[in-house]
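Undergrad: Chains as they are written, first to last, in the numbering used here: chain A, 59 to 170; chain B, 106 to 904.
Think of the CB as a built atom: it goes at the ideal place given N, C-alpha and C, for glycine as much as any other residue.
The structure presented is a predicted model; accordingly, all values stated were derived computationally and were not measured.
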């Protein structure tokens with residue numbers, strides 16, 4: 059199972075990289091969204107997808123899945139959400155101010 | 106801290122008070138205050154000379170960075186004392202001269218004297234340090250203060266150019282020298298020069314020997330303006346004349362000579378040292394004197410003459426090294442003797458000549474020999490000094506330059522008798538080049554005197570009517586010129602006081618502790634080959650001088666494009682433009698390009714290290730079994746991902762991203778992570794809403810849906826990233842090295858944390874700090890979004 063999940067994470071990373079290399083600002087942000095999905099999936103996979111019960115002690119099961127990666131992912135989700143929403147508003151503001159979302163036109167230029 | 110250390114640091118301490126004096130006593134010429142210091146220091150160093158009975162050396166150590174073996178060890182031996190006396194003695198005269206030369210009203214005197222004192226202290230530090238790192242520190246300080254002094258009239262373009270040039274070249278040499286010192290440290294384990302000399306056998310057989318020697322010689326050659334590094338010296342003539350007299354004739358340019366002399370006991374046993382020092386020196390002698398003749402500016406003549414004379418001293422030091430290989434060493438040490446003697450002589454006559462040129466410049470307003478002439482009757486005292494200085498420089502009796510020139514010829518002739526280092530074949534070069542160089546030396550000395558002082562006075566070309574300089578300006582050159590004559594008639598004054606101890610420092614291994622070199626300098630040797638060589642120099646020199654206008658075209662033969670200055674200038678321009686072109690080539694300003702660099706580097710680094718370490722491994726024994734739901738969900742996720750990739754519309758891409766997020770939360774359900782599933786669902790919903798919001802606000806203009814630009818590079822890079830991540834994930838999963846700490850949380854989350862939801866207990870109890878700062882991140886993001894929307898400075902300015 060872990061192998062399949064690794065491949066899925068790899069595909070997510072690949073797509074994310076491809077989108078981040080594109081010209082449109084919105085696509086770059088979609089790429090970062092995919093990248094964080096991939097990373098979260100990878101953390102979960104690397105924690106081991108051992109069969110076990112939900113990490114709730116009230117279940118009284120013999121084995122539980124590892125709770126630590128879940129806590130880490132939860133933190134990561136919230137942080138990436140914060141950053142993504144910031145980026146989105148930044149993108150929205152730059153549409154408003156600069157009138158373009160084309161990275162080719164948004165390039166830094168020392169002649170200015 | 107002993108008195109000696111205070112003496113070295115005194116100029117720096119004194120420099121602090123100079124601006125104060127300048128401000129508090131505006132009527133006093135600041136120079137009078139400054140003059141106290143070099144005079145006192147000169148007397149202080151003189152008492153070393155007078156008190157010494159057994160030629161003992163003085164060593165005083167103050168710890169600076171003892172853990173690194175770097176200590177401020179002041180060390181006074183013959184060589185150090187000779188230089189210290191030159192620095193303080195000529196320093197006093199130069200300060201006196203500058204009082205009359207620099208106007209109190211027009212010049213920023215305090216900066217001038219601060220720089221000058223800084224230089225004096227740095228120079229004393231160079232010659233009296235035993236520790237190489239301390240020596241290097243002072244060495245660079247001399248470069249800096251020289252830079253400041255050359256650029257003293259900083260509003261002039263040429264001053265800034267000269268200052269920059271000298272800085273670049275001497276700092277290049279200084280850094281090479283530092284490299285050499287570090288190599289010496291690697292060989293011996295000490296920074297102390299004396300202790301290094303004690304381990305000379307280790308160094309001679311060491312592989313790093315030759316590199317250390319080359320690096321240290323680079324330092325010496327750049328500082329002492331040897332070929333091809335001499336080019337900074339003529340441009341340094343933009344400095345005020347007292348600076349040229351002090352730094353660029355008597356002291357700083359001799360720092361390289363000092364370095365060669367000081368490190369002779371370490372390197373002089375090798376043939377490489379003998380040949381590089383003497384050949385570079387002798388060629389510099391020729392090249393400097395040859396080029397001096399073509400100059401029309403008096404200071405430029407003197408600059409090339411300095412280059413030439415430094416080459417002569419350098420070649421003498423190189424030839425003197427051969428004495429180490431002979432039983433009858435006294436026969437060959439005459440070169441070292443001549444080097445030290447000429448070092449002193451050069452400081453006296455060159456200092457006085459610079460001061461003379463300064464006086465001429467001051468009194469006529471020009472230094473161009475084409476405008477000058479007929480000053481003999483108007484400025485008799487200046488003329489006398491100039492004749493003494495120039496004749497001494499040319500090597501004419503009865504001045505001291507004659508004596509050292511004779512000894513120079515003697516030493517060069519004795520090279521012919523050497524039977525080592527192939528001196529018997531190539532050694533012929535040395536006396537021949539030396540003789541030709543001396544002819545040109547004679548020639549430019551004559552040009553200097555006769556083109557300036559004889560002939561017709563060209564009143565219409567001069568800015569003011571020339572007259573004799575004030576007495577204060579004349580005293581320093583008179584003192585120096587008197588020394589030229591005194592040393593000419595009574596050279597033995599110097600023999601056992603200065604020259605012999607200095608020789609002992611340069612060639613310490615030849616003599617036992619109590620023995621002394623035999624030093625005797627006399628005017629008349631009988632009819633020796635040297636005498637005939639001098640006569641030949643005078644004859645040919647006179648002929649060339651009289652026919653100067655006819656053959657001066659020779660100098661046009663070297664095209665301007667092939668000179669070292671053009672080479673230096675164009676290499677600076679090339680460096681500038683090529684680095685700018687290189688930066689423009691890869692710094693495109695386009696984020697995509699930078700991302701390509703970053704990702705490509707990531708792929709190459711990770712891929713290469715995986716491949717080289719054979720790190721890939723695949724182990725399926727411990728993996729969880731494959732379930733049908735997971736496979737279906739994985740296919741859905743891949744489909745969603747590919748849709749974002751290939752969608753032509755942004756709306757589709759956003760919805761596909763949402764579908765990936767929701768399938769991720771379904772994965773969380775399947776992999777038994779309820780809290781994650783919950784959070785992911787909510788956040789994905791909010792994110793998609795945000796994306797749609799941003800999409801909605803796209804400007805009309807750009808609303809046309811643009812197809813993704815398909816680029817091969819992007820594809821390869823992203824494929825590489827995906828493959829690398831997958832490979833690393835699989836390998837890491839197969840190579841689990843230790844058990845998880847999950848059991849701790851399972852056991853203790855109720856016992857210690859009082860909660861049954863392990864994930865939540867970890868978040869708020871075991872690892873609560875993470876959560877706290879994650880809240881902070883959200884808070885900052887919220888504030889930033891708020892301020893981004895609310896604060897619109899550009900519009901407010903417009904409105």
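Using 7 Å as the limit for Cβ to Cβ distance, is residue 101 of chain A near chain B?
TA: On the first chain, position 43 is the one that residue 101 of chain A refers to. No, its Cβ sits nowhere closer than 7 Å to a Cβ of chain B.
Undergrad: I'd like the list of long-range same chain contacts for residue 840 of chain B, defined as Cβ closer than 6 Å, with 5 residues on each side in sequence excluded.
TA: Counting from one through the second chain, the residue named residue 840 of chain B turns up at place 735. 722, listed in sequence order.
Undergrad: Please report how far the alpha carbon of residue 287 of chain B lies from the alpha carbon of residue 179 of chain B, in whole angstroms.
TA: In the second chain, residue 287 of chain B corresponds to position 182, counting from 1. In the second chain, residue 179 of chain B corresponds to position 74, counting from 1. If I take the Cα positions, the gap works out to 20 Å.
Undergrad: What did DSSP end up calling residue 177 of chain B once you bin it into helix, strand or coil?
TA: Counting from one through the second chain, the residue named residue 177 of chain B turns up at place 72. Strand at residue 177 of chain B.
Undergrad: So is residue 806 of chain B buried or exposed if we call it buried at 16+ other beta carbons inside 10 Å?
TA: The sequence position of residue 806 of chain B within the second chain is 701, counting from 1. In this predicted model, residue 806 of chain B has a pLDDT of only 43, less than 50, meaning its place in the structure is not dependable enough to derive any value.
Undergrad: For chain B, check one thing: does any of its Cβ atoms lie closer than 7 Å to the Cβ of residue 152 of chain A?
TA: Sequence index remark: in the first chain, residue 152 of chain A carries index 94 (1-based). Chain B contact via Cβ: absent.
Undergrad: Are residue 334 of chain B and residue 274 of chain B touching if we call contact CB-CB under 7 Å?
TA: Indexing the second chain from 1 puts residue 334 of chain B at position 229. Indexing the second chain from 1 puts residue 274 of chain B at position 169. Cβ atoms of residue 334 of chain B and residue 274 of chain B: closer than 7 Å.
Undergrad: Counting only the same chain and skipping the five closest in sequence on each side, list residues whose C-beta sits under 6 Å from that of residue 167 of chain B.
TA: Your numbering for residue 167 of chain B matches position 62 in the second chain. Excluding positions up to five away in sequence, the list reads 106, 110, 177.
Undergrad: What does residue 111 of chain A pair with, by DSSP beta-bridge criteria?
TA: Your numbering for residue 111 of chain A matches position 53 in the first chain. DSSP lists A/122 as partners of residue 111 of chain A.
Undergrad: Let me know the secondary structure DSSP gives residue 169 of chain B once reduced to three states.
TA: Numbered from 1 along the second chain, position 64 holds the residue referred to as residue 169 of chain B. Residue 169 of chain B falls in the strand class under three-state DSSP.
Undergrad: Please state whether the Cβ-Cβ distance between residue 366 of chain B and residue 456 of chain B is less than 7 Å.
TA: Mapped onto the second chain, residue 366 of chain B falls at position 261. Mapped onto the second chain, residue 456 of chain B falls at position 351. Cβ distance not < 7 Å, so residue 366 of chain B and residue 456 of chain B don't count as in contact.
Undergrad: Report yes if the C-beta distance between residue 239 of chain B and residue 360 of chain B is below 7 Å; otherwise report no.
TA: Translated into positions along the second chain, residue 239 of chain B becomes position 134. Translated into positions along the second chain, residue 360 of chain B becomes position 255. Against a cut-off of 7 Å, the Cβ pair of residue 360 of chain B and residue 239 of chain B comes out as no contact.
Undergrad: Can you look up residue 82 of chain A in the DSSP assignment and give me helix, strand or coil?
TA: Counting from one through the first chain, the residue named residue 82 of chain A turns up at place 24. If DSSP states are grouped into helix, strand and coil, residue 82 of chain A belongs with the strands.
Undergrad: Contact check, residue 378 of chain B vs residue 270 of chain B under 8 Å by CB: the rounded distance?
TA: The residue given as residue 378 of chain B occupies position 273 in the second chain. The residue given as residue 270 of chain B occupies position 165 in the second chain. About 28 Å; that fails the 8 Å criterion.
Undergrad: At least one CB of chain A closer than 7 Å to the CB of residue 808 of chain B: is that the case?
TA: For the purposes of this step, residue 808 of chain B is identified with residue 703 of the second chain, where counting begins at 1. The predicted position of residue 808 of chain B is uncertain, since its pLDDT is 42 and thus under 50; no value can be drawn from it.
Undergrad: Looking at residue 766 of chain B and the ligand GDP, is the gap between the Cβ and the nearest heavy atom below 6 Å?
TA: Absent from the structure shown: the ligand GDP. Ligands present: none.
Undergrad: How long is the line joining the alpha carbons of residue 710 of chain B and residue 386 of chain B, rounded to whole angstroms?
TA: One-based indexing of the second chain puts residue 710 of chain B at position 605. One-based indexing of the second chain puts residue 386 of chain B at position 281. The alpha-carbon atoms of residue 710 of chain B and residue 386 of chain B are separated by roughly 51 Å.
Undergrad: Give me the residue from B/150, B/638, B/409 with the minimum Cα distance to residue 229 of chain B.
TA: Along the second chain, read from residue 1 onward, the residue named residue 229 of chain B stands at position 124. The candidate whose alpha carbon is nearest that of residue 229 of chain B is B/150.
Undergrad: Does chain B have any CB closer than 7 Å to the CB of residue 156 of chain A?
TA: Reading the first chain from its first residue, position 98 is the one you call residue 156 of chain A. With 7 Å as the cut-off, residue 156 of chain A does not count as an interface residue toward chain B.
Undergrad: Could you work out which residue in B/577, B/515, B/428 is closest to residue 525 of chain B when comparing CA atoms only?
TA: Numbered from 1 along the second chain, position 420 holds the residue referred to as residue 525 of chain B. For the residues B/577, B/515, B/428, the minimum Cα distance to residue 525 of chain B belongs to B/428.
Undergrad: Taking the C-alpha atoms as reference points, what is the distance between residue 791 of chain B and residue 136 of chain A?
TA: In the second chain, the residue the question calls residue 791 of chain B occupies position 686. In the first chain, the residue the question calls residue 136 of chain A occupies position 78. The straight-line gap from Cα to Cα measures roughly 12 Å.
Undergrad: Using three-state DSSP, classify residue 433 of chain B as helix, strand or coil.
TA: Counting from 1 along the second chain, the entry for residue 433 of chain B is found at position 328. Residue 433 of chain B: coil per DSSP, three-state reduction.
Undergrad: If we count Cβ pairs, one from each stretch, closer than 8 Å, do we get three or more for the stretch 449-467 of chain B versus the stretch 497-515 of chain B?
TA: The stretch 449-467 of chain B vs the stretch 497-515 of chain B: in contact.
Undergrad: Classify residue 234 of chain B as helix, strand or coil using the three-state DSSP reduction.
TA: For the purposes of this step, residue 234 of chain B is taken as the residue at position 129 of the second chain. Strand, per DSSP.
Undergrad: Decide if the stretch 199-212 of chain B is in contact with the stretch 131-140 of chain B; the criterion is three or more beta carbon pairs, one per stretch, under 8 Å apart.
TA: Contact between the stretch 199-212 of chain B and the stretch 131-140 of chain B is present, because at least three Cβ pairs lie under 8 Å.
Undergrad: Who are residue 473 of chain B's beta bridge partners in DSSP?
TA: The sequence position of residue 473 of chain B within the second chain is 368, counting from 1. Answer is B/402, bridged to residue 473 of chain B.
Undergrad: Could you check which residue in B/439, B/402, B/235 has the C-alpha nearest to that of residue 463 of chain B?
TA: Here the question's residue 463 of chain B lines up with position 358 in the second chain. Residue 463 of chain B has its Cα closest to that of B/402, out of B/439, B/402, B/235.
Undergrad: Rounded to whole angstroms, how far is the Cβ of residue 222 of chain B from the Cβ of residue 119 of chain B, which I believe are closer than 8 Å?
TA: Taking the first residue of the second chain as position 1, residue 222 of chain B is located at position 117. Taking the first residue of the second chain as position 1, residue 119 of chain B is located at position 14. Correct: roughly 5 Å between the Cβ atoms.
Undergrad: Roughly how many whole angstroms lie between the Cα atoms of residue 845 of chain B and residue 703 of chain B?
TA: As a working mapping, residue 845 of chain B is identified with position 740 in the second chain. As a working mapping, residue 703 of chain B is identified with position 598 in the second chain. For residue 845 of chain B and residue 703 of chain B, the distance between alpha carbons rounds to 33 Å.
Undergrad: Inspect the CB distances between the stretch 761-769 of chain B and the stretch 91-104 of chain A and report whether three or more fall short of 8 Å.
TA: Result yes; three or more Cβ-Cβ pairs closer than 8 Å.
Undergrad: Leaving aside the five residues before and after residue 634 of chain B along the sequence, list all residues of the same chain whose C-beta is less than 8 Å from its C-beta, in chain order.
TA: On the second chain, position 529 is the one that residue 634 of chain B refers to. Excluding sequence neighbours, residue 634 of chain B sits near 514, 518.
Undergrad: To be precise: take each residue of the stretch 365-396 of chain B, compare its Cβ to all Cβ atoms of chain A, and keep it if any distance is under 9 Å. Which residues remain?
TA: Of all residues in the stretch 365-396 of chain B, none has a Cβ within less than 9 Å of some Cβ in chain A.
Undergrad: For residue 656 of chain B, does the count of other Cβ atoms within 10 angstroms reach 16, so buried, or fall short, so exposed?
TA: Along the second chain, read from residue 1 onward, the residue named residue 656 of chain B stands at position 551. Per the 10 Å Cβ criterion, exposed.
Undergrad: At which residues does the alpha helix (DSSP H) containing residue 576 of chain B begin and terminate?
TA: Along the second chain, one-based indexing puts residue 576 of chain B at 471. Here the alpha helix (DSSP H) through residue 576 of chain B covers 576-594.
Undergrad: Where residue 400 of chain B and residue 393 of chain B are concerned, what is the direct C-alpha to C-alpha distance, given to the nearest angstrom?
TA: One-based indexing of the second chain puts residue 400 of chain B at position 295. One-based indexing of the second chain puts residue 393 of chain B at position 288. Rounded to whole angstroms, residue 400 of chain B to residue 393 of chain B spans 11 Å at the Cα level.
Undergrad: Three-state secondary structure (DSSP) at residue 164 of chain B?
TA: On the second chain, residue 164 of chain B is found 59 positions in, with the first residue counted as 1. Note: residue 164 of chain B maps to strand in three-state DSSP.
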